[in-house]
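Undergrad: Below is the structure I would like to discuss, written out as structure tokens.
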């Protein structure tokens, strides 16, 4: 598979993930204000198991190309890059919302300082990409084998940890997918290349995945609420983790 083709499906998968995230905020925020549930709520409900895991798995796919670099060069690509955009957009959002519209410069400075130690609002995933990049580099430097990291990270994800620190909560929820993308990148590339040459099998596989995903998400116990989705059987931690990985792979194949 050529580099151009590879980058094409990666960009499309990432773009679809971002669209799903934007749809989630749009649907849930509207639902909270109106108290209603619309069509988008069901689309977001279907995507709940894989929406963010897919984004982080994709983000880890090309980590192997830079992880062996010296810390300074590595940090420039995988740490400083993300924190720069995070700080920039956090400043813009807080300055506009608090400093200008709310006319509270003291509170603006307080929120800007707090945003450095805890991810700010919808920008949390950019902050976590920097954290994940540092963690992956340290694990590589300390030569911690993947067969140790992935099971531990998966257990953290399935433990559904709720911490007072948003960093801890999101790290436990999503690092497993970022690291899986890094470790399983060659396998993912091979699967995508194979499906490009076997379209009919790929479509059949996607149909089976979509049916299974829908049945498990919307199984007894599910509820589509104005501000969130309560899944059915898909909420069971091992099933949730499996559906997240399969959903991420499915979006890569699309």
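Numbering (my numbering), first residue to last: 10 to 263. Each residue gets a CB set at the ideal place from its N, CA and C atoms; glycine is no exception. Here the structure is a predicted model, which is why all the values come from computation and not from measurement.
Smallest Cα separation from residue 204: which of 261, 240, 230 and 188?
TA: What you label residue 204 is simply residue 195 of the chain shown in a count that begins at 1. Among 261, 240, 230 and 188, the Cα nearest to that of residue 204 belongs to 261.
Undergrad: Beta-carbon within less than 8 Å of residue 116's beta-carbon, same chain only, minus the 5 sequence neighbours each way: which residues are those?
TA: Locating residue 116 in the chain shown gives position 107, where the first residue counts as 1. Hits under 8 Å: 107.
Undergrad: Evaluate residue 60 with the Cβ neighbour count: other Cβ atoms within 10 Å of its Cβ, from every protein chain shown; 16 or more gives buried, anything less gives exposed.
TA: As a first step, residue 60 is located in the chain shown; it is residue number 51 there, counting from the start. Residue 60 comes out buried.
Undergrad: Taking 7 Å as the limit between beta carbons, can you name the residues of its chain near residue 188, skipping five residues before and five after?
TA: In the chain shown, counting from the first residue as 1, residue 188 sits at position 179. Excluding positions up to five away in sequence, the list reads 69, 145, 158, 159 and 162.
Undergrad: Suppose only complete runs of 4+ residues qualify. What are the alpha helix (DSSP H) ranges in the stretch 173-224, listed by chain order?
TA: If we require 4 residues or more, the alpha helix (DSSP H) runs fully inside the stretch 173-224 come out as 175-192 and 194-206.
Undergrad: List the whole-angstrom C-beta distance separating residue 253 from residue 225, where the pair is believed to meet the contact cut-off of C-beta under 8 Å.
TA: Against the chain shown, residue 253 aligns to sequence position 244. Against the chain shown, residue 225 aligns to sequence position 216. With 8 Å as the limit, residue 253 and residue 225 do not qualify as a contact, their Cβ atoms being about 12 Å apart.
Undergrad: Here's the rule: buried if 16 or more other CB atoms are within 10 angstroms of the residue's CB, otherwise exposed. What is residue 63?
TA: Residue mapping note: residue 63 aligns to position 54 of the chain shown, counting from 1. Classification for residue 63: buried.
Undergrad: Using DSSP with H/G/I as helix, E/B as strand and the rest coil, what is residue 76?
TA: In the chain shown, the residue the question calls residue 76 occupies position 67. Residue 76 falls in the coil class under three-state DSSP.
Undergrad: What three-state label does DSSP hand residue 121 in the structure shown?
TA: Mapped onto the chain shown, residue 121 falls at position 112. Of the three classes helix, strand and coil, the one that applies to residue 121 here is helix, per DSSP.
Undergrad: By the three-class DSSP mapping on this structure, what secondary structure does residue 43 have?
TA: Position 34 of the chain shown, counted from the start, is the residue given in the question as residue 43. Three-state result, residue 43: helix.
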